[in-house]
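Peer 1:
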Amino acid sequence: MGTSVLIVKPLGGSVSVNHEVSLSRADGRSRLAIATYVMCWLAGFTLSALIYAAIPFYSSASLGQMMWTSGFAQSFVNGGWPSIYAHDFGMPARSPMAFGLAGGFLESLILLLLPVAAVDAYSIMALLYLALAFWGATKLAGQLGVNGVLRIAAAVVWVCLPMVWVHSGYSMLSLGFALLPTYLYAAIALIEVAASHSERLPWRRMSIFFGVALLAAFMDGYTFVLFFVAASLYGIFRFISHAPSRRYLFRVVAPTMAMGFGVAALLYMKYEGVRHFEPSPIDFFRAFGADLKMLVVPDQDIIWLWGHLGLSTNYDPDTLFGDPSVWNTTYCLPLILTAICGLWFGRRQPKAKYLVAIALFGIYFALGPSLKVNSVKPKGEIAGLMDASYASGSTGSAWISKHVTAFDNMRASYRWLALGMLGLWGLTIVLLASQQERRPVLAYAIASLVFLTVCMPNIPIRVASGVLCRDEFFALKRDLSDPMGESLKGYRKVAFLPRGNDFLANYLGAFNKFDTLNVGGDKNVAIAIRRWSTTFLALTPDASALDFVDDTRSLLARGEVDAAVFPFIDMLRNADTWPPDPSAISAQREQMSVVLRCLREDKDFMFVDGPLYGVLTLSAQGRQAIEQQGVAHWEQAKAMCPSLPPFEWPELSSTRFGHEVGHFDISSKEFRTDHRAGFLFFGPYQVLAPGDYYLEIKGKLIGDKGKVDIDVVANGVATTLAKATRDDISPKTDPLIRVPFHVQRGMRRIETRIWVAEDAELSISSLQVKLATDADHQAGSSEPDALK
C-alpha cells in the first residue's frame, strides 16, 4: 500500500496528493527488487547445494567422511551434550576430533534435537555452513564493488568451484574452502575500521573476527592457515597503501588479529593435546604440488562443458604423482583470464593489487617445492612421494615447507591454490564491478561463462552420486552396523582386529554404544597410539600368525576388551564404498584363516562367525581358568597351532620383504643386485609349527664371481636354523637352492637372509618354505646337519 503525502499550498489552496502515485510506484519497485533478490539468492544457493550434494533426506556429499564425522557427533551426544570429546572409540582415553570439530559439534546438536538419521544430520550441518559461506561470498563481493543479483552470481561461482565440491569427500576441508570469503570478509571489515580514524574500539567487528578465527581453527587446519595468510597480507597492504590508517592499524587492528589467531591456535593445540604432528617428507609436498598442465587443462570427469566438447583430458592415476584431488580441483584457466581482465579494468581499484598478491602467493605455494610441467612418475614409483629428479625444476619453497611452522604441515601443496583462486575470483569480481553499470548484460554474461567453464559438473550425474552415497549409508547400516549391534549386545569393550586406520570404528562404536580401542583418521590414530597397550599395538596385519593368536588371547584374558571383532571387510576403504566386493571378503577371510583356526581350536574361547565379521569372546571354560589360575599363569600356556602352514611367496613384494642393497623391480617382482655389498633380501618374520622344512629360492645367478651367503634364522637372528653359500647354488636348476632346516617349539620371527658381495649378480623371484616329505626323510644320509 502506497504512502500518502499531503502538500499544503501557501495561498490557501486545497490539500494535494500529487506525489502519492509516484511514491507508491517507487515502493512497489523496491519490494519487487527485494523479492527478486531473495528468489535469486534461494535459486543460487539451491544450485550450489545440489552441486555439493548436501540435500537432507535426498543425498549426501560423502559416505566415509560423513560416517567418521557422525561417529564423533553421536559420541558427543552419548557423553552428555555439550561435549567435545569422543567417549566411544580411540579408548581407553577420550578422543579429540583431529579436525572438523566445528562441523561435528553442530551435527551433534542436530542429532540431539531432531529424530533424523546420521546421514541427514550431516547434510543439514553441511547445508547450514554452505549458507554461511554463500552469504559471506556475497558480502565480500559487495566489498569488492558489485551489488544486487550480481553478488549472488559471484557467490555461486565461488561455492561451486571444484576446489569446494570435489573436496566434499574430505568433509570439513571442503567447507573450509567454501568459507574462505566469509573469513576474509570479517578480516577486511576489521581492518577497514582504521580508515575511519575513530578512537573508539570496534567491539562488534573485533568480536566477529575472534569468532571467525575460532571457527576457522576448528573447521580445518589448511584453511585456517590460508585465512591467516590472506588476512595478514591485507593488513600489510593496508598499512603500506594508506598512511593515515597506520597508527590505528598498529595499535588496535594488529593486536586484535594476533590475539584472535593466536588464541584460536592455542585452543586447538590444547584440545588436541598435540603441539605439532609429525611433518611429512619434502617428497610428499613435491608429489602433491599442482602441475602447470592441470591449471590449464581440465580433467574430463569434472567440468561438463569441456568434457562435452572433447576439450578435456583423462588424467591417469597410474602415471601421475599425488591423488585425483590434485588434478580434479586445480583447473582455473578461465579464472586466470578474467582476473587479468579485472586487473586491467580495475587497475585503479585499491584492492586489485592485494588480490594479485594473494593470487600469486597461493599459486606459487600450490606448485610445491618443484616445478612440474606434465610430470609423470616412472613405473612402480609410489604416488605419494616424488623425487626432485622427476620435476622440471625447483620453485625454491622447499626450505619454507621444511622449517616454517604451519607451512610444514601444508603437505598437500596443491591446496594452496584455494588461496590463489580466492585472489583470481576477487579480480574477476573487480571486472564485473567495472561493467555492471555501463554493460550489465556483459557482466552477467561473464559470470555465467565463468560458471560454465570452471564450475559446472554434469549435474544429473553429480546429484545421482549424492543419492547413491545416502543409499549406501542405509545399506551399510542394514548389513553391518545393525547386526553388529545385536552381536555385541552386552559387551562394553571391543577391539577390531587387526588394528589399522579404522574409519568405520567411529560410527560403529558411537551408534551401537560400545567402547572400542580402534579409531579412524591418521591424526586420531597418532593421538590414540600413545595410550594403547603394547599388546594391542602389536596386533597389526604384519604380525605373525602365532604372535597374533597369543596377543589376542592376552587382550581378552587381561580384560582390555570383552570381545574381539575380526572384520572381513576393509574398515578404511569400505567406509567409502558399499557393499564390499565379495572377492575381497573371501581374500580377507583367507588371510585370517590361520589365526581363526587356531582360536577356534582353543576351548578357552568362543568364536561366532558371520558373513562380514566374526566375534571372539572368552568361553565359560576360559573365564573359569583365569579365575582359578590367574592371568599370568594362564598366559604361560602359549597357544600352539599345529595347523600353522608353511609359507610361500611365488611373487615377492617389497612391503613384505626388506632389502639393504639392490632394488626391487615392480614389473618382474624381483630383487636384483646393484653392485653394492649387503643384504639383498630379508624376511618375512613368520612363525612355523615344530617340524622339518625345506627353503626353496628361485631366481637367476649370473657369472661365477661374488660371494653369496644364505641363512635361515629365528628369534631375532639369535638362532641359526640353516646356512648355505654360493657353492650350494645351482645356477642351471630350478629352484636355485633347496636348503633343509628344522623348527623347534617356541621359535619365532623366522626369516631368510641373502647377503651378496659387490661383484655378485643375482636376482630373486620367489621364496617357498615346504614341509619335508617322507621321501626327504629317507634320504637322511645326504642331509645337512640342520635337518638331522
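In case it helps, the working numbering puts the sequence shown at residues 24 to 811. Where a beta carbon is used, it is the ideal one built from N, C-alpha and C, also for glycine.
1. Hey, D585 and V638 are a contact pair by Cβ (cut 8 Å); roughly how many whole angstroms apart?
2. When you compare the CB positions of R554 and P79, do they come within less than 8 Å of one another, or not?
3. Who pairs with K793 in a beta bridge, going by DSSP?
4. What are the uninterrupted segments assigned as alpha helix (DSSP H) that are 4 or more residues long and contained completely in the segment 445-532, given in chain order?
5. Given 8 Å as the limit, is there contact between the segment 355-367 and the segment 444-456, that is, 3 or more CB pairs closer than that?
6. Per DSSP, what kind of secondary structure is W778 in: helix, strand or coil?
7. In this structure, does DSSP put A429 in helix, strand or coil?
8. Do the CB positions of D431 and S420 come within less than 8 Å of each other?
9. My understanding is that A551 touches G113, with C-beta atoms under 8 Å, so please give their C-beta distance in whole angstroms.
10. If you run the structure through DSSP and keep just helix, strand and coil, what is Y437?
11. Determine whether the beta carbon atoms of S148 and L129 lie at a separation below 8 Å.
12. Just to confirm, are F311 and G345 a CB contact at a threshold of 8 Å?
13. DSSP has F702 in a bridge; who is on the other side?
14. Taking just the CA atoms, how far does Y437 sit from G391?
15. Please list the segments of the alpha helix (DSSP H) lying wholly inside the segment 245-305, counting only runs of 4 or more residues, in order along the chain.
16. In or out: I305 buried (at least 16 other Cβ within 10 Å) or exposed?
17. If distances are taken between C-alpha atoms only, which option among G94, F122 and A156 comes closest to H110?
18. Would you mind reading off the limits of the beta strand (DSSP E) that contains G637?
19. Under 7 Å: does the beta carbon of Q767 sit that close to some heavy atom of the ligand FAD?
20. One question on the structure: do V735 and L718 come within less than 8 Å of each other, judged by their Cβ atoms?
21. Can you say whether Q651 is buried or exposed, counting buried as having 16 or more other CB atoms within 10 angstroms of its CB?
22. For the beta strand (DSSP E) containing P79, name the first residue and the last one.
23. Can you grab the Cα-Cα spacing for the pair K793 / D494, in whole Å?
24. Taking L366 as part of the alpha helix (DSSP H), name the residues at either end of that continuous run.
25. Between which two residues does the beta strand (DSSP E) containing K746 stretch?
26. Tell me the rounded alpha-carbon separation between Q791 and I720.
27. Does Q709 come out as helix, strand or coil in the three-state DSSP assignment?
28. Among N738, A780 and L724, which residue has its Cα nearest to the Cα of Q767?
29. Within 10 angstroms of the Cβ of D505, are there 16 or more other Cβ atoms? Answer buried if so, exposed if not.
30. What does the Cβ neighbour count give for A287, buried or exposed, with the cut at 16 atoms within 10 Å?
31. Is the beta carbon of F680 less than 8 Å from the beta carbon of L86?
32. Leaving out five residues on either side along the sequence, give the residues of the same chain with a beta carbon under 7 Å from the beta carbon of V542.
33. Could you compute how far the alpha carbon of Y271 sits from the alpha carbon of A212?
34. How many angstroms separate the CA atom of L759 from the CA atom of P590?
35. Please report how far the alpha carbon of Q709 lies from the alpha carbon of A281, in whole angstroms.
36. Hey, out of F241, P603, R370 and Q614, whose CA is closest to L198's CA?
Peer 2: A quick look at the data gives this:
1. For the purposes of this step, residue 585 is taken as the residue at position 562 of the sequence shown. For the purposes of this step, residue 638 is taken as the residue at position 615 of the sequence shown. That pair is no contact at about 10 Å.
2. As a first step, residue 554 is located in the sequence shown; it is residue number 531 there, counting from the start. As a first step, residue 79 is located in the sequence shown; it is residue number 56 there, counting from the start. No; because the gap between Cβ atoms is not below 8 Å, this pair is not in contact.
3. Within the sequence shown, residue 793 is the residue found at index 770, counting from 1. DSSP lists Y717 as partners of K793.
4. 463-473, 482-499 and 505-510
5. yes
6. In the sequence shown, the residue the question calls residue 778 occupies position 755. Three-state DSSP puts W778 in a strand.
7. Against the sequence shown, residue 429 aligns to sequence position 406. A429: coil per DSSP, three-state reduction.
8. Numbered from its first residue, the sequence shown carries residue 431 at position 408. Numbered from its first residue, the sequence shown carries residue 420 at position 397. No; because the gap between Cβ atoms is not below 8 Å, this pair is not in contact.
9. Here residue 551 corresponds to residue number 528 of the sequence shown, with the count starting at 1. Here residue 113 corresponds to residue number 90 of the sequence shown, with the count starting at 1. Correct: roughly 4 Å between the Cβ atoms.
10. Translated into positions along the sequence shown, residue 437 becomes position 414. Helix, per DSSP.
11. Here residue 148 refers to the residue found at position 125 of the sequence shown. Here residue 129 refers to the residue found at position 106 of the sequence shown. In the sequence as presented, Ser is not what sits at residue 148; that position holds Met. Yes, they are a contact pair.
12. Your numbering for residue 311 matches position 288 in the sequence shown. Your numbering for residue 345 matches position 322 in the sequence shown. Yes, the Cβ-Cβ distance between F311 and G345 is below 8 Å.
13. The count along the sequence shown starts at 1 and reaches residue 702 at position 679. BP columns for F702 point to W778.
14. Taking the sequence shown and counting its residues from 1, one reaches residue 391 at position 368. Taking the sequence shown and counting its residues from 1, one reaches residue 437 at position 414. For G391 and Y437, the distance between alpha carbons rounds to 7 Å.
15. 277-295
16. Here the question's residue 305 lines up with position 282 in the sequence shown. It counts as buried.
17. Mapped onto the sequence shown, residue 110 falls at position 87. Nearest of G94, F122 and A156 to H110, Cα basis: G94.
18. Numbered from 1 along the sequence shown, position 614 holds the residue referred to as residue 637. Taken as a continuous stretch (DSSP letters only), the beta strand (DSSP E) holding G637 covers Y636 to L641.
19. What this structure holds is no ligand at all, so the ligand FAD is not there to describe.
20. Your numbering for residue 735 matches position 712 in the sequence shown. Your numbering for residue 718 matches position 695 in the sequence shown. The answer is yes: Cβ separation under 8 Å.
21. On the sequence shown, residue 651 is found 628 positions in, with the first residue counted as 1. Result: exposed.
22. To locate residue 79, count along the sequence shown from 1; it is residue 56. Unbroken run through P79: none, as it is neither H nor E.
23. Position 770 of the sequence shown, counting from 1, holds the residue named residue 793. Position 471 of the sequence shown, counting from 1, holds the residue named residue 494. Distance between the alpha carbons of K793 and D494: 48 Å.
24. What you label residue 366 is simply residue 343 of the sequence shown in a count that begins at 1. Per DSSP, L366 belongs to the alpha helix (DSSP H) from L356 to F368.
25. Within the sequence shown, the letter at position 723 stands for residue 746. Start and end: T742 to T748.
26. Position 768 of the sequence shown, counted from the start, is the residue given in the question as residue 791. Position 697 of the sequence shown, counted from the start, is the residue given in the question as residue 720. Spanning the two alpha carbons is a distance of roughly 7 Å.
27. Counting from 1 along the sequence shown, the entry for residue 709 is found at position 686. Of the three classes helix, strand and coil, the one that applies to Q709 here is strand, per DSSP.
28. Position 744 of the sequence shown, counted from the first residue, corresponds to residue 767. It is N738.
29. As a working mapping, residue 505 is identified with position 482 in the sequence shown. Classification for D505: exposed.
30. Along the sequence shown, one-based indexing puts residue 287 at 264. Buried, by the Cβ-count rule.
31. Taking the sequence shown and counting its residues from 1, the one referred to as residue 680 is at position 657. Taking the sequence shown and counting its residues from 1, the one referred to as residue 86 is at position 63. Not a contact, by the Cβ cut-off of 8 Å.
32. The residue labelled residue 542 in the question sits at position 519 within the sequence shown. Cβ within range, chain order: F112, G113, S118, D525, A528, N529, V548 and A551.
33. Residue mapping note: residue 271 aligns to position 248 of the sequence shown, counting from 1. Residue mapping note: residue 212 aligns to position 189 of the sequence shown, counting from 1. The straight-line gap from Cα to Cα measures roughly 14 Å.
34. Indexing the sequence shown from 1 puts residue 759 at position 736. Indexing the sequence shown from 1 puts residue 590 at position 567. Near 39 Å, if we compare the C-alpha coordinates of P590 and L759.
35. Stepping through the sequence shown from its first residue, residue 709 is reached at position 686. Stepping through the sequence shown from its first residue, residue 281 is reached at position 258. Q709 and A281: Cα-Cα distance of roughly 55 Å.
36. In the sequence shown, residue 198 corresponds to position 175, counting from 1. Residue F241 is the option with its Cα nearest to L198.
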